[in-house]
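One structure is given here, and the rest of the page talks about it.
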Amino acid sequence: ETGVTQTPRHLVMGMTNKKSLKCEQHLGHNAMYWYKQSAKKPLELMFVYNFKEQTENNSVPSRFSPECPNSSHLFLHLHTLQPEDSALYLCASSQATSGDYNEQFFGPGTRLTVL
Amino acid sequence: AQSVTQPDIHITVSEGASLELRCNYSYGATPYLFWYVQSPGQGLQLLLKYFSGDTLVQGIKGFEAEFKRSQSSFNLRKPSVHWSDAAEYFCAVAAGSSASKIIFGSGTRLSIRP
């Protein structure tokens with residue numbers, strides 16, 4: 134595998150379900166990100182992890198719970214979601230979280246539908 | 002607060018024609034600026050970036066962009082588009098020395114007329 138991978142690519146869940154999105158980067162990076170891309174809205178940063186520590190939480194509801202066990206893996210745990218949470222969830226990684234080293238590489242995304 | 006405006010939601014150009022996608026940003030200091038492209042069903046791919054130095058930056062796939070501080074703009078250009086350039090294009094700005102928080106524009110969808 135190369136680059137940034139995300140699984141699953143598509144997910145349909147009910148509002149009472151619990152599911153997790155997985156992201157893995159094979160680039161030796163130290164920072165990882167979750168973004169939400171909704172229809173007709175700009176890409177929204179959700180969380181940032183740098184060396185496994187969360188450095189940014191962009192006022193995300195608690196029904197989204199991130200986990201970063203190491204610099205290569207990032208999870209987004211989902212529970213009691215709402216239909217408006219349906220979106221494309223993108224993961225990204227970068228070498229670091231500042232300056233010239235912040236070029237972010239994106240995965241293909243997980244298309245989430247909440248029924 | 003930082004912001005990015007892409008005034009064109011959808012642009013259609015003929016194959017072989019030139020292209021310019023507009024981007025205006027709002028940021029007090031010298032920004033870090035990016036252009037990303039997203040093909041259907043794919044994640045975002047970085048086309049080019051500006052951090053400092055030469056205001057005309059070259060990117061991949063024959064794209065270039067010019068940083069104009071006086072106009073707060075960072076427009077993307079390509080002299081001759083190909084059908085494979087049809088995609089969504091996002092301009093983005095990173096705030097400050099901690100450039101982890103990238104603010105994206107709402108995107109411009111590019112269609113190519115055969």
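Listed in order, the protein sequences are those of chains A and B.
Last residue of the first sequence: number 248 in this note's numbering, and the count goes up by one each step with no gaps.
Last residue of the second sequence: number 115 in this note's numbering, and the count goes up by one each step with no gaps.
Beta carbons are placed, not taken as given, at the ideal position from N, Cα and C, and that holds for glycine.
Tell me, to the nearest whole angstrom, how far the beta carbon of residue i is from that of residue j; I am working on the premise that it is less than 8 Å.
i, j, result
"Gly136(A)", "His159(A)", "6 Å"
"Lys123(A)", "Leu144(A)", "Here chain A comprises residues numbered 134 to 248, so residue 123(A) is not present and cannot be evaluated."
"Gln7(B)", "Cys92(B)", "6 Å"
"Pro199(A)", "Gln187(A)", "7 Å"
Name, please, each residue of chain A whose Cβ falls closer than 9 Å to the Cβ of residue i.
i, result
"Lys62(B)", "The contacting residues do not exist; Lys62(B) stays about 16 Å from chain A at best."
"Phe75(B)", "The premise fails here: Phe75(B) is roughly 16 Å from chain A at the closest Cβ pair, so nothing lies under 9 Å."
"Phe91(B)", "Pro175 and Leu176"
Closer than 8 Å by beta-carbon distance: list the chain A residues that pair up with residue i, in chain order.
i, result
"Ile103(B)", "Leu178, Asn235 and Gln237"
"Ala87(B)", "Ordered by position in chain A, no residue passes the 8 Å Cβ test against Ala87(B), which lies about 18 Å from the chain."
"Ala95(B)", "Asn235"
Using DSSP with H/G/I as helix, E/B as strand and the rest coil, what is residue i?
i, result
"Pro241(A)", "coil"
"Thr7(B)", "For the sequence presented, residue 7(B) should be read as Gln rather than Thr. Note: Gln7(B) maps to coil in three-state DSSP."
"Glu217(A)", "helix"
"Gln59(B)", "strand"
"Ser53(B)", "coil"
"Arg70(B)", "helix"
"Ser19(B)", "coil"
"Ser85(B)", "helix"
"Val193(A)", "coil"
"Leu248(A)", "coil"
"Lys151(A)", "strand"
Grab me the residues of residue i's own chain with a C-beta within less than 6 Å of its C-beta, minus the 5 sequence neighbours each way, in chain order.
i, result
"Gly17(B)", "Ser81"
"Lys79(B)", "Leu20, Gly63 and Phe64"
"Leu221(A)", "Gln170, Gly242 and Arg244"
"His206(A)", "Glu157"
"Tyr51(B)", "Leu34, Val58 and Phe68"
"Phe208(A)", "Ser153, Lys155 and Glu200"
Skipping 5 residues on each side, what residues in its chain have a beta carbon closer than 7 Å to that of residue i?
i, result
"Val193(A)", "Met179 and Phe180"
"Val247(A)", "Met146, Met148, Leu214, Gln215, Pro216, Asp218 and Ser219"
"Asn190(A)", "Phe180"
Below 8 Å on C-beta distance, what does residue i contact in chain B?
i, result
"Leu98(A)", "Here chain A comprises residues numbered 134 to 248, so residue 98(A) is not present and cannot be evaluated."
Just the chain B side, please: which residues come within less than 7 Å of residue i by C-beta, in chain order?
i, result
"Pro175(A)", "Phe105, Gly106 and Ser107"
Going by DSSP, what residues sit across from residue i in a beta bridge?
i, result
"Pro199(A)", "Leu209(A)"
"Gln139(A)", "Cys156(A)"
"Ser331(A)", "Any answer about residue 331(A) is impossible in this case: the structure gives chain A only from 134 up to 248."
"Met165(A)", "Tyr182(A) and Ser226(A)"
"Leu48(B)", "Beta-bridge pairing links Leu48(B) to no other residue."
"Glu236(A)", "Partner(s): none; Glu236(A) has no beta bridge."
"Ala93(B)", "Phe35(B) and Phe105(B)"
List the residues of chain B whose Cβ lies closer than 9 Å to the Cβ of residue i, in chain order.
i, result
"Gly75(A)", "Residue 75(A) lies beyond the stretch modelled for chain A, which goes from 134 to 248, so this question has no answer here."
Which residues of chain A have a Cβ atom closer than 7 Å to the Cβ of residue i, listed in chain order?
i, result
"Lys79(B)", "By Cβ distance, chain A contributes nothing, its closest Cβ being about 21 Å from Lys79(B), past 7 Å."
"Lys69(B)", "Result: empty, since nearest Cβ-Cβ is about 21 Å, beyond 7 Å."
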